[in-house]
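Novice:
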Amino acid sequence: MSLPNNATAAPPGPEPELVARARTGDRDAFAALYHEHYRPVYAYLLVRTRDRHLAEDLTQEVFTRALRRIDAFTWQGTAFAAWLTTIAKNLYLDEIGRGRTRLETPVAEFQDPQAPGRDTESLALRELEAVEAHEAVRAALHALNDHQRHCVELRFLDELSAEETALAMGRSVGAVKTLTYRALQKMRWTAEAVCV
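Right, dumping it as structure tokens:
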């Protein structure tokens with residue numbers, strides 16, 4: 000039996016109790032929702048921004064907006080997490096639109112030429128060593144497959160734990176540990192070949 004064009008289907012189940020209590024202004028219920036959904040929202044944003052601090056800031060903003068608009072939330076049978084993910088997606092798109100998400104390249108420190116041990120030769124040698132190390136790491140990263148590279152970036156560049164990396168990649172913790180181990184082995188072999 001089909002519904003008339005102006006009728007909407009009823010949600011497939013009752014509204015979860017925590018969501019219903021939060022919509023009535025129960026701060027403890029909203030705090031419970033925050034604790035339940037913080038990590039998935041953070042992981043969603045971290046994968047997109049690849050910046051731990053920005054992902055933390057945006058995650059806080061997601062929950063700030065959700066708290067301000069919780070009374071307007073309408074239960075339609077979908078998970079509360081879907082509403083939070085929509086807010087997170089919109090915040091991320093706004094962030095890209097503002098152009099605040101960009102790659103930054105660090106520059107060398109300004110050194111006092113009068114400081115002891117800062118002669119031109121030692122500075123040039125340090126610079127050369129840094130360039131060689133950078134090239135070895137870059138070559139080692141390029142030797143990895145996409146999954147290994149993504150895992151290494153999350154674990155060591157974004158400083159995520161194995162559990163956080165597993166959540167962000169949609170894998171088990173054991174799979175992430177194995178992927179990390181194999182990636183580091185491959186990087187070590189590649190770096191040794193480059194440095195020889």
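By the count of numbering that gives the first Met the number 0, the sequence shown reaches residue 195 at its end, each step adding exactly one.
From the three backbone atoms N, C-alpha and C, an ideal C-beta is built for every residue, glycine too.
(1) Beta-carbon within less than 7 Å of R170's beta-carbon, same chain only, minus the 5 sequence neighbours each way: which residues are those?
(2) In this structure, how does DSSP classify F158 when only helix, strand and coil are distinguished?
(3) Taking only runs that begin and end inside the region 9–61, name each unbroken alpha helix (DSSP H) of 4 or more residues, in chain order.
(4) Using only CA atoms, which one of V40, Y180, R187 and I95 lies nearest to A80?
(5) Assess, as a yes-or-no matter, whether the region 10–29 is touched by the region 134–146 under the definition of 3 or more beta carbon pairs within less than 8 Å.
(6) Are the beta-carbon atoms of R22 and I69 separated by less than 9 Å?
(7) Which class does E103 belong to by DSSP, given the choice of helix, strand or coil?
(8) When we look at the beta-carbon of R154 and count the other beta-carbons within 10 Å, is it buried (16 or more) or exposed?
(9) Output the distance between the C-alpha atoms of E16 and V175, rounded to the nearest integer angstrom.
(10) Exposed or buried, which one is W188 when buried takes at least 16 other CB atoms within 10 Å?
(11) In chain order, what residues of the same chain have a beta carbon less than 8 Å from the beta carbon of A161, not counting five sequence neighbours either side?
(12) Hey, D157 and R51: beta-carbon distance below 9 Å or not?
(13) Which residue from Q184, E14, A135 and L166 puts its Cα closest to that of W74?
(14) Look at the alpha carbon of R137 and the alpha carbon of M186, and state the distance between them as a whole number of angstroms.
(15) Let me know the secondary structure DSSP gives N89 once reduced to three states.
(16) Is the distance from the Cβ of Y259 to the Cβ of F62 below 9 Å?
(17) I'd like to check one pair, E191 with L45: are the Cβ atoms closer than 9 Å?
(18) Can you give me the Cβ contacts of A54 inside the same chain, cut-off strictly under 7 Å, excluding the 5 residues immediately before and after it?
(19) Quick one: is A167 buried, meaning 16 or more other Cβ sit within 10 Å of its Cβ, or exposed?
(20) Do you know offhand how far T84's Cα is from H141's?
Specialist: The relevant details are as follows:
(1) Excluding the 5 residues flanking it on each side, R170 has no same chain C-beta neighbour closer than 7 Å.
(2) One detail in the question is off: residue 158 reads as Glu in this sequence, not Phe. Reduced to three states, the DSSP call for E158 is coil.
(3) Here the runs fully enclosed are 16–22 and 26–48.
(4) Checked all of V40, Y180, R187 and I95; the closest Cα to A80 is V40.
(5) Taking 8 Å as the limit for Cβ pairs, the verdict is that the region 10–29 does not touch the region 134–146.
(6) In contact: R22 and I69 (Cβ atoms closer than 9 Å).
(7) Confidence is the limiting factor: at E103 the pLDDT is only 48, short of 50, which leaves the residue's position unreliable and the question unanswerable from this model.
(8) By the 16-neighbour rule on beta-carbons within 10 angstroms, R154 is buried.
(9) Those two C-alpha atoms are separated by around 35 Å.
(10) Result: exposed.
(11) So the qualifying residues of the chain are R154, V172, V175, K176 and T179.
(12) Yes, the pair counts as a contact, with Cβ atoms nearer than the cut-off.
(13) Out of Q184, E14, A135 and L166, the CA that lies nearest to the CA of W74 is found in E14.
(14) Separation of R137 and M186 (C-alpha to C-alpha, rounded to the nearest whole angstrom) is 9 Å.
(15) DSSP, read as helix, strand or coil, puts N89 in helix.
(16) Outside the shown range of the chain (0 to 195) lies residue 259, about which nothing can therefore be said.
(17) The Cβ atoms of L45 and E191 do not sit closer than 9 Å to each other.
(18) Setting aside the 5 residues that flank it on each side, A54 is surrounded in the same chain by Y41, L44, L45 and T48, each with a C-beta closer than 7 Å to its C-beta; the list follows chain order.
(19) Buried: at least 16 other Cβ atoms inside 10 Å.
(20) One alpha carbon belongs to T84, the other to H141, and they sit about 32 Å apart.
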